[in-house]
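Residue numbers (the numbering used here): 180 to 1089.
Please read the structure below before turning to the comments.
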Amino acid sequence: MAIHDVQSRYQAPALNALFRSFSQKASIVVALVGCAAIVGWIEDITVLKSIVPGWVAMKANTAICLILGGTSLWLWHWQPRIAIIRSTAKACAFFVLLIGLLTLIQYAFNVDLGIDQIFFHTRIDPLGDAAPGRMAVHTAFIFVLLGLSLLLLNLAAPKYLLAQVCAIVAFFIAGMGLLGYIYGNAFLYRFGSLTSIAVHTAVALLLLAYGILFACPNRGLMVVLTSKNAGGIVARFLLPAAIAFPPVICWLVLAGYRMQIYTAEFGLCALSILNIIVFVMLIWWNARSLNAIDRQRQRSQKALKKANEELEQRVSSRTRELLAILGRLQEEIVERQSIEQALFQEKELALVTLQSIGDGVITTDGSGSIKYLNPVAEVLTGWSLSEALGLPLTEVFRIINEISRQTVENPVEKVLLSGAIVGLANHTVLITRNGTELSIEDCAAPIRTRDGQIIGVVLVFRDVSQNRDLARLLSWQASHDALTGLVNRREFENRLIEAVRSAQSAKEQHALCYLDLDQFKIVNDTCGHIAGDELLCQVASLFKTYLRSNDTFARLGGDEFGIILNNCSLDTALLIAEQLREAAQNFRFVWKQEKIFNLSVSIGLVAIDADTDNTNTALSAADTACYVAKNQGSNRIHVYQTNDLELVKQRGEMQWVGRINQALADNRFRLYYQSIVPVSQTYSLTEHYEVLLRLIDETGEVVSPMAFIPAAERYNLMQTIDRWVIHTFFANLAQQGNFQWHDSRSLKNSRGSLYTINLSGASINDDRFIDFVCEQFILYKIPPTAICFEITETVAIKNLGKAAAFIRSLKEFGCCFALDDFGSGMSSFGYLKNLPVDYLKIDGSFVKHIVEEPISLAMVDAINKIGQVMGLQTIAEFVENKAVLEVIQNLGVNYAQGYGIARPRPFRFK
């Protein structure tokens, strides 16, 4: 096997694979030829038996042997390592050998063993040949050789060389029969006066012999043929020519002679000359190939010589490196000695360190007996080293849990059992020798040898009594309000979670109160925050006197308080809430003996029962109920009911908060516009539009601003909406035609237009809003003269100074302003002169009734005249029909706006 392994390295893998593939396919073809012959005998098809009428027919036994031989070779290729397949292949090969051997015995001893008549009865076919009869002598001999060859291949230790020799002998005998047909010489395919070998039998036997030879191209004789060396190359080149050319040339010469083209002497001369030419060409081509191989060998030798030189250089270099390493190793030995000396010094230093550190250190042996205490450990335990040496750790280091007062498991024993680092649990207390208790933290770790064996334990601990006291204080501060000492919002919500959970699981009933002091801001603004803080402390003390011990009273923030009435029905909770309300109403807050303040409280009350969804739901319901109580006049209690219209309205506004935020995130706001036209057609050539806002809900429906603006104003979302409107409108206006009106007019064609944008009171009061507007003007290069901002009269009245300053700032930038809903507020004429606006929009509640109500007519006439006197342009809102339009024309109003003029239309973006 070693020789074969060495030879395998010189084989061409691709060529080996090609030979094996040919062998496998040859086995299939041989088996198919045998099957075709059997079908010919069964169906009496002459073509399948003898190829051409008049030729020798393949005998039935011959066909069977071909099937068995082809099957045996195919199984050998398929799964040779499976025992049952190898046994089947052996059996097929054995039957091939047996049938051939028995046929030879019949010829040799002139006996009839009956094997020729097994499948078919002897009869004479129209060609005169016995069919089915006995196979030819050389056919039987070939089957003996091929059967033996297949058996040798299927042995546990295959005999490749002997098998290939048998196959070569069989190949030459079968080739002789085929040449007999090619040359027309019956002597070559007929043995004496006995039977003849059929032409397709000879071809099939040649294929089977080839298949056996090519089955193992890297074994036996085939190694020479498949080698990558020069001999293999020469053999692969010469062998096919040596096999194919002589028969072809001889056949050509013989054919010429038989056709009487030339004489026998000329034919022999031509045969000699052709053989010389062919073999000279083969020798020349072979020499050329060998010369190329020799040149390649010379190059390889040069490369090998160069590689040897490089290897010698590397060895020399490596030797120098090893010498250098040896020198460094010697230096490391010296360094190691110095390190050992340093380690000894470090050991001494470690002992000194243990004597000096601020933590207590105790070391024990593997059984838990004390081996060492540092001075801090001596002080903390009350034991000296000499007294504690050799004692069990549990006798010197006694620890308990400060809450349960139970003995804590010895950390050293835990380390010895687990082999891991162990720390003490929280709330551990050390009992000193004199009985004093110290809060400690410790950590125990194993002491191991180099091989990992535990030989002891080191215990490090320290006194954390002050830290633990501080932690308790911090824990209390984390859950309580620093001013009033009440539970803070975080702890309150945790306790509310427990109350909701018990109500849901244990079917208990609780109540939640949300309290808001009504006059607290007055105290803060009048007397300062110190007075406000004192008021909160007094109110907290007052309310606690009316609560039970199991109730939770918390300050939730500012002047808001929360109460959880545990195990309390709604009726009882209402009585307690009423007591709190009356106590607050009767309370008088006196500050510095100078100022006396009355107090009241608004209370929202909600039941906590099995129907309560969660903490957020309960707290939100109580907050909503408190807000309703405050809106209804304060100093009252409002009990939360699911069908309460006020609560439904309040909760609806709260739900709008999420919907507005989601609409902003999803970009579901849409910009509309409504035309503002001059009452006189020749009054102004500038097109005037008001920019309006709509919301597209989750179903795709358009929502009026009156549905969501109140919620946005209450929950501080108007600044975000105003910024969105300005940013979106400016961005699209700057695109110069990237969006258009629904009637196909684009903004590019409306350069002379004036666009009015509404602003909320929150934006007016925002000091950074003006900077935002100016940034948008600069960013999108919008001319300020094309924009008019509009604020309502109510917003202006609430903070007149702020509104006036805001208007002046943007007017200096180039914008103009309109005052909306004029006439709906109070003292309108009194403050109008303080607001530098350009347009005065008359409130629509007067305009729409101007035809039928004289008072409305008088109000509109007065507002218009005042505006004209002050140099303001007046705009009439809610102009819904021609009759109203005619009246305001007669009054001299400058502009009209309303459904009678033009309905709002959406901007269409391209």
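Glycine included, every Cβ here is placed at the ideal spot set by N, Cα and C.
- Rounded to whole angstroms, Glu991 and Ala984 show a C-alpha spacing of 11 Å.
- Contact annotation: the region 414-426 does not touch the region 267-278, with fewer than three C-beta pairs closer than 8 Å.
- Here DSSP, grouped into helix, strand and coil, assigns Glu739 to strand.
- With a cutoff of 9 Å on beta-carbon distance, Tyr934 and Leu912 are scored as near each other.
- The residues Ala682, Gln688, in chain order, have a CB closer than 7 Å to that of Asp788 in the same chain once the five nearest residues on each side in sequence are set aside.
- In the DSSP assignment, Val209 is bridged to no other residue.
- Apart from the 5 residues on each side of it in sequence, Ala800 sits with its Cβ closer than 6 Å to the Cβ of Val785, Tyr819 in its chain, given in chain order.
- Distances from the alpha-carbon of Asp802 to those of Ile976, Pro232, Glu739, Gly1002 put Glu739 closest.
- With 16 or more neighbouring CB atoms inside 10 Å of its own CB, Lys1027 falls in the buried class.
- Counting only unbroken stretches of 4 or more residues, no alpha helix (DSSP H) element lies wholly within the region 769-804.
- With contacts defined by Cβ atoms closer than 9 Å, Val780 and Phe732 do not form a contacting pair.
- DSSP places Asn944 in the coil class of the three-state scheme, outside both helix and strand.
- At a Cβ-Cβ threshold of 9 Å, Arg734 and Ala719 count as neighbours.
- DSSP, reduced to helix, strand and coil, places Asp223 outside both helices and strands of the structure shown, so it counts as coil.
- The three-state reading of DSSP puts Asn580 in strand, counting E and B together.
- Within the same chain, and ignoring the five residues on either side of Val882 in sequence, the residues whose Cβ sits closer than 8 Å to its Cβ are Arg873, Leu874, Ile875, Asp876.
- Counting the other Cβ atoms within 10 Å of the Cβ of Tyr806 gives 16 or more, which makes it buried.
- Annotation: Glu892 to Asp697 spans about 22 Å, alpha carbon to alpha carbon.
- Thr821 and Ile905 have their C-alpha atoms roughly 39 Å apart.
- Per the coordinates, the alpha-carbon of Thr705 lies some 11 Å from the alpha-carbon of Ile775.
- Per DSSP, the continuous alpha helix (DSSP H) segment holding Leu749 begins and ends at 749-765.
- Here Cys448 is exposed: its Cβ has fewer than 16 other Cβ atoms, across all protein chains shown, within 10 Å.
- Here Tyr1078 is exposed, its C-beta having fewer than 16 other C-beta atoms within 10 Å.
- By the CB criterion at 9 Å, Ala975 and Tyr1010 fall inside the cutoff.
- Between Gln1047 and Tyr1018, the C-beta gap is not smaller than 9 Å, which leaves the two residues out of contact.
- DSSP places Leu570 outside any alpha helix (DSSP H), giving it a letter other than H or E.
- Three or more pairs of CB atoms, one per stretch, sit closer than 8 Å, so the region 561-570 contacts the region 600-614.
- With contacts defined as CB atoms closer than 9 Å, Arg265 and Asn333 qualify as a contacting pair.
- When DSSP reads this structure, Ala624 sits in a beta bridge with Val637.
- The DSSP-derived three-state label of Asn1043 is helix.
- Restricting attention to alpha helix (DSSP H) runs no shorter than 4 residues, the region 408-440 encloses them at 409-437, ordered along the chain.
- Annotation for His817: the continuous beta strand (DSSP E) segment containing it runs 816-818.
- Counted as a single uninterrupted DSSP element, the alpha helix (DSSP H) harbouring Val974 occupies residues 972-977.
- With distances taken between CA atoms, Leu871 lies nearest to Gln853 out of Glu757, Phe640, Ala752, Gln853.
- For Ser406, the secondary structure class from DSSP, reduced to helix, strand or coil, is strand.
- When C-alpha distances from Ala1075 are compared across Gly539, Glu869, Leu227, Val378, the shortest belongs to Glu869.
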